[in-house]
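Novice:
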Amino acid sequence: MVQLNDYILNHIAKTPLILSRYNKEKKRFDYDILKEKVDKYIENDKKELILLYGLRGLGKTTLLSQIYHYARLKIEPNRVLYFSMDELKLNDIKLMDALKAYSEIFGINLYEEKIILLLDEIQYERHWDLVLKNLYDTTNIFIIATGSSALKLRESPDLARRALHKPIYPMTFREYLYLTKNIKIESLFEEVILNNNLDNFKKVYAKVYSQILEEDVKKYLRIGSLPFALEDDELEVYNKIYTMLERIIYKDVREVKEFDMETLDKAFKLLYLLANPKGERYSYESLANTLEIAKGTLINLVDVLEKCELLFKIYPYGSMDKKVRKSQKIKFLPVPIKTALWHKMGVVIDDVCYGSLLEDVVAFYLYLFCKKKGYSLSYEPKKGGADFILISPYMEKIVIEVGLGKKSSKQVLKSMERVKASKGIIIGDELKVEGNILYIPWKGFLLLI
Numbered sequence: 014m015v016q017l018n019d020y021i022l023n024h025i026a027k028t029p030l031i032l033s034r035y036n037k038e039k040k041r042f043d044y045d046i047l048k049e050k051v052d053k054y055i056e057n058d059k060k061e062l063i064l065l066y067g068l069r070g071l072g073k074t075t076l077l078s079q080i081y082h083y084a085r086l087k088i089e090p091n092r093v094l095y096f097s098m099d100e101l102k103l104n105d106i107k108l109m110d111a112l113k114a115y116s117e118i119f120g121i122n123l124y125e126e127k128i129i130l131l132l133d134e135i136q137y138e139r140h141w142d143l144v145l146k147n148l149y150d151t152t153n154i155f156i157i158a159t160g161s162s163a164l165k166l167r168e169s170p171d172l173a174r175r176a177l178h179k180p181i182y183p184m185t186f187r188e189y190l191y192l193t194k195n196i197k198i199e200s201l202f203e204e205v206i207l208n209n210n211l212d213n214f215k216k217v218y219a220k221v222y223s224q225i226l227e228e229d230v231k232k233y234l235r236i237g238s239l240p241f242a243l244e245d246d247e248l249e250v251y252n253k254i255y256t257m258l259e260r261i262i263y264k265d266v267r268e269v270k271e272f273d274m275e276t277l278d279k280a281f282k283l284l285y286l287l288a289n290p291k292g293e294r295y296s297y298e299s300l301a302n303t304l305e306i307a308k309g310t311l312i313n314l315v316d317v318l319e320k321c322e323l324l325f326k327i328y329p330y331g332s333m334d335k336k337v338r339k340s341q342k343i344k345f346l347p348v349p350i351k352t353a354l355w356h357k358m359g360v361v362i363d364d365v366c367y368g369s370l371l372e373d374v375v376a377f378y379l380y381l382f383c384k385k386k387g388y389s390l391s392y393e394p395k396k397g398g399a400d401f402i403l404i405s406p407y408m409e410k411i412v413i414e415v416g417l418g419k420k421s422s423k424q425v426l427k428s429m430e431r432v433k434a435s436k437g438i439i440i441g442d443e444l445k446v447e448g449n450i451l452y453i454p455w456k457g458f459l460l461l462i
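Numbering (my numbering), first residue to last: 14 to 462.
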């Protein structure tokens with residue numbers, strides 16, 4: 014049995030070295046948000062409880078490490094604590110016991126003094142939500158905790174009201190450019206997509222694309238939205254993605270819902286089916302028949318994979334009845350999952366594959382925008398219908414078509430008429446505005462979020 018005081022002293026002494034390998038010089042955009050909140054706490058006593066949640070491999074531990082090293086420059090280093098909760102669990106130590114031992118060793122009052130507490134993989138703490146609620150209610154501690162995508166599903170309503178939930182998503186091309194080439198540009202999504210204002214975008218597009226190779230763009234489409242792709246070669250990235258999928262399906266999924274092993278094995282087969290480069294839309298019936306499982310089990314499986322943020326669903330446009338009856342588009346939230354599965358299947362990535370990846374990245378961008386701005390996203394289910402329909406909270410609609418080459422406006426105009434959309438967007442090769450249709454190059458669209 015480990016001696017608690019010895020463990021705490023040893024842990025605090027070795028933490029700076031352990032976290033130094035995660036303390037990257039280049040930082041994700043989320044870092045600036047967290048840094049600002051740390052500053053407000055140090056300067057104005059504005060304590061917060063922040064939950065960072067998201068898929069494995071998106072850099073949550075790296076963010077904690079960067080905040081850890083920053084905060085130690087701003088206040089007394091021993092008042093910045095980091096715990097990996099799986100390590101505490103391995104040593105059979107509860108968080109509150111660790112904090113009490115820390116308080117006694119250093120003579121620091123947990124309830125009044127300024128302390129920054131960083132907790133990685135908080136779900137390993139039993140009753141973690143109640144523990145965090147108690148810390149928030151009774152102490153002056155500023156807390157950032159990370160966890161899996163399913164974290165929110167198991168917290169108490171009391172904690173949900175107290176915590177700031179900060180999802181960590183895969184990287185956009187704009188963030189990828191910043192981390193790989195130190196090119197930093199502002200988001201112009203609303204200015205361009207909602208307002209058709211191309212003045213600033215034309216300047217950015219002309220300037221940035223003189224610095225970017227075609228392979229930079231293609232590499233982003235294949236693997237670039239995952240932070241570890243910045244340092245590893247492509248084969249290693251695919252291997253890490255596959256290992257991540259195994260951990261999610263055989264560990265994280267079971268934490269959300271109890272499936273038997275046979276069903277979990279079929280979850281992998283489901284992912285392979287959804288990775289079809291031709292972008293076929295499967296109905297639940299056809300998927301259930303192919304996988305030889307009950308339709309209800311399949312629906313539950315897709316829902317859990319969505320809660321774990323492997324997938325997201327895009328519903329068909331129309332009445333509630335149509336949304337229920339018609340098949341959904343099911344997209345990978347981190348697009349590189351698709352290319353990792355292709356690699357496993359021996360698929361050679363050609364223009365058809367890049368077209369599929371592009372549509373998925375566009376879907377991912379629209380998903381992010383909808384999450385931030387309260388929009389919703391649909392597609393038109395009939396043959397020749399719009400790839401996407403972006404719907405504002407006021408029911409204004411924008412029809413969006415995606416393609417690698419030049420595209421005619423006829424299909425977009427027909428879709429606009431059918432759904433009564435105010436404007437259309439064609440993501441292809443051209444950059445112009447004609448009437449109520451915006452044409453934007455797909456390489457330029459990647460710069461918008």
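Ideal Cβ positions, reconstructed from N, Cα and C, are used throughout, including at glycine.
(1) Is it true that the CB of residue 376 sits closer than 8 Å to the CB of residue 412?
(2) Report yes if the CB atom of residue 311 is closer than 8 Å to the CB atom of residue 177, and no otherwise.
(3) Within 10 angstroms of its Cβ, does residue 344 collect 16 or more other Cβ (buried), or is it exposed?
(4) Does the Cβ of residue 64 have 16 or more other Cβ atoms within 10 Å, making it buried, or fewer, making it exposed?
(5) Please list the terminal residues of the continuous alpha helix (DSSP H) segment that includes residue 309.
(6) So, with DSSP's three-state summary, where would you put residue 454?
(7) Using C-beta distances below 7 Å, list every residue in its chain close to residue 356, excluding the 5 sequence neighbours before and after it, in chain order.
(8) May I have the straight-line CA-CA distance separating residue 179 from residue 159, to the nearest angstrom?
(9) What separation, rounded to the nearest whole angstrom, lies between the Cα atoms of residue 14 and residue 206?
(10) For the alpha helix (DSSP H) containing residue 110, name the first residue and the last one.
(11) Could you work out which residue in 348, 170 and 326 is closest to residue 339 when comparing CA atoms only?
(12) Check whether the segment 185-200 touches the segment 441-461, counting contact only when three or more Cβ pairs, one atom from each stretch, lie closer than 8 Å.
(13) In the DSSP assignment, what residue or residues form a beta bridge with residue 70?
(14) When the Cα of residue 324 is compared with those of 162, 401, 267 and 424, which residue comes out closest?
(15) Taking three-plus beta-carbon pairs below 8 Å as touching, is the segment 78-96 in contact with the segment 23-38?
(16) Could you compute how far the alpha carbon of residue 437 sits from the alpha carbon of residue 450?
(17) Taking the alpha carbon of residue 422 as the reference point, which residue from 406, 331 and 445 has its own alpha carbon closest?
(18) Would you please state the rounded distance, in angstroms, between the beta carbons of residue 115 and residue 101? I believe it to be under 8 Å.
(19) Does the Cβ of residue 136 have 16 or more other Cβ atoms within 10 Å, making it buried, or fewer, making it exposed?
Specialist: The short version:
(1) no
(2) no
(3) By the neighbour-count criterion, in which 16 or more other beta carbons inside 10 Å mark a residue as buried, residue 344 falls on the buried side.
(4) That one is buried.
(5) 308-320
(6) strand
(7) Closer than 7 Å at Cβ, skipping near neighbours: 251.
(8) 9 Å
(9) Residue confidence for residue 14 is low, a pLDDT of 47 falling below 50, so the modelled location carries little weight; the figure read from the coordinates is stated next. Going from the Cα of residue 14 to the Cα of residue 206 covers about 60 Å.
(10) 108-119
(11) 326
(12) yes
(13) Beta-bridge pairing by DSSP links residue 70 to no other residue.
(14) Comparing Cα positions, the closest option is 162.
(15) Yes, since at least three Cβ pairs between the segment 78-96 and the segment 23-38 fall closer than 8 Å, the two stretches touch.
(16) Using only the alpha carbons, I get a separation of about 5 Å.
(17) 445
(18) The Cβ separation is near 12 Å, so there is no contact.
(19) buried
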